[in-house]
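*Asks:* All you need for our numbering is the position in the sequence shown, starting with 1, plus 7.
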Amino acid sequence: MITIPRLLIKEPQKGKVKGTCIFCGQETEFGHRIKDTISSIFTMAYVLQGGNCACEYCFSFMKDQTYRRKSWVAYPGGFKTLDKSEKKSILFNPPIPPFFISITITGQKQPWLEAFDRLAYSRNEYYFAYEPFGLVFFNRETALKMDKIIVKALKLKITKTELKTHFKMKTYERAAKEGFEELLQEIKSFRHNQLWEVLINVTTN
Ligand SMILES: [Zn+2]
């Protein structure tokens with residue numbers, strides 16, 4: 008099975024521990040001790056599988072800070088980091104499957120910890136990693152609908168905070184006057200949806 012670390016790491020750093028990888032569940036003869044791989048196991052115990060080591064691929068992946076700090080897309084032919092303006096377009100235009108997209112906002116957490124085997128095999132429906140949420144499901148039809156509304160709302164000077172939380176009184180008044188009350192209802196129906204919040208955050212214009 009292709010895991011995300013196996014897709015990304017071409018020359019893994021080999022260790023001496025034989026056993027089962029706690030991250031991806033695969034057998035290895037070149038694993039590393041868990042405590043040499045992560046400093047604290049307790050904060051992420053719920054995502055780990057049974058095992059006694061970190062395989063050479065998962066070890067190398069965890070040790071490279073690029074994958075935690077940057078946003079990126081990985082596919083069999085390569086790997087690319089994403090700048091701010093590319094985060095949204097990659098969701099709608101991912102590479103030919105299999106691929107995996109990881110988008111970080113602060114770079115503090117590792118959003119793909121529960122996703123080592125969640126490669127995307129469809130460009131229309133897939134999981135991607137989003138920090139700080141973790142795994143988020145992308146559905147093209149829903150995402151296109153949401154994106155249209157977000158772009159329209161921002162043009163009407165509704166703020167990103169309003170899109171995510173609640174509208175200001177002024178916005179309700181403006182909607183009544185200018186006739187976009189229906190748009191406010193549509194926005195309300197998407198709130199508290201993770202994909203909605205992601206799309207708002209990666210919209211740069
Ligand atoms: Zn592994």
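For each residue, glycine too, the CB sits at the ideal point set by N, CA and C.
1. Helix, strand or coil: which one does DSSP assign to Thr111?
2. Can you tell me the Cα-Cα spacing of Pro139 and Lys94, whole angstroms?
3. Is it true that the stretch 35-45 meets the stretch 74-87, where meeting means three or more beta-carbon pairs spaced less than 8 Å apart?
4. Between the stretch 10-19 and the stretch 118-126, do at least 3 Cβ pairs fall closer than 8 Å?
5. Using CA atoms only, rank isn't needed, just tell me which of Asn100, Lys25, Ala61 is closest to Phe145.
6. Any heavy atom of ligand 1 within a distance shorter than 8 Å of the CB on Phe30?
7. For Pro118, which of Ile29, Gln33, Trp79, Asn59 has the nearest alpha-carbon?
8. Evaluate contact between the stretch 126-136 and the stretch 156-164, counting only Cβ atoms and requiring at least three cross-stretch pairs below 8 Å.
9. Is any non-hydrogen atom of ligand 2 found closer than 8 Å to the C-beta of Ala61, if you look at the structure I gave you?
10. Does DSSP put Ser129 in a helix, in a strand, or in coil?
11. Starting from Thr88, follow the beta strand (DSSP E) in both directions and report where the run begins and ends.
12. From Cys60 to Lys162, what does the alpha carbon distance come to, in whole angstroms?
13. May I ask you to report which of helix, strand or coil DSSP gives Asn146?
14. Which full runs of the beta strand (DSSP E) of 3+ residues lie inside the stretch 129-211, going along the chain?
*Replies:* With the structure as the only source:
1. As a first step, residue 111 is located in the sequence shown; it is residue number 104 there, counting from the start. It is a strand residue.
2. Residue 139 sits at position 132 when you count from the first residue of the sequence shown. Residue 94 sits at position 87 when you count from the first residue of the sequence shown. Approximately 15 Å between the Cα atoms of the pair.
3. Verdict: no, contact absent.
4. yes
5. Here the question's residue 145 lines up with position 138 in the sequence shown. Residue Asn100 is the option with its Cα nearest to Phe145.
6. The residue you call residue 30 lines up with position 23 of the sequence shown. Checking every heavy atom of ligand 1 against the Cβ of Phe30, one is found closer than 8 Å.
7. Here residue 118 refers to the residue found at position 111 when the sequence shown is read from its first residue. Closest by alpha carbon: Trp79.
8. no
9. For the structure depicted, ligand 2 is absent and the ligand set comprises only ligand 1.
10. The sequence position of residue 129 within the sequence shown is 122, counting from 1. It is coil, neither helix nor strand.
11. As a position in the sequence shown, residue 88 is number 81, starting the count at 1. Run containing Thr88: 85-89, per the beta strand (DSSP E) assignment.
12. One-based indexing of the sequence shown puts residue 60 at position 53. One-based indexing of the sequence shown puts residue 162 at position 155. The C-alpha of Lys162 is placed about 52 Å away from the C-alpha of Cys60.
13. For the purposes of this step, residue 146 is taken as the residue at position 139 of the sequence shown. Three-state DSSP puts Asn146 in a strand.
14. 132-138, 141-146
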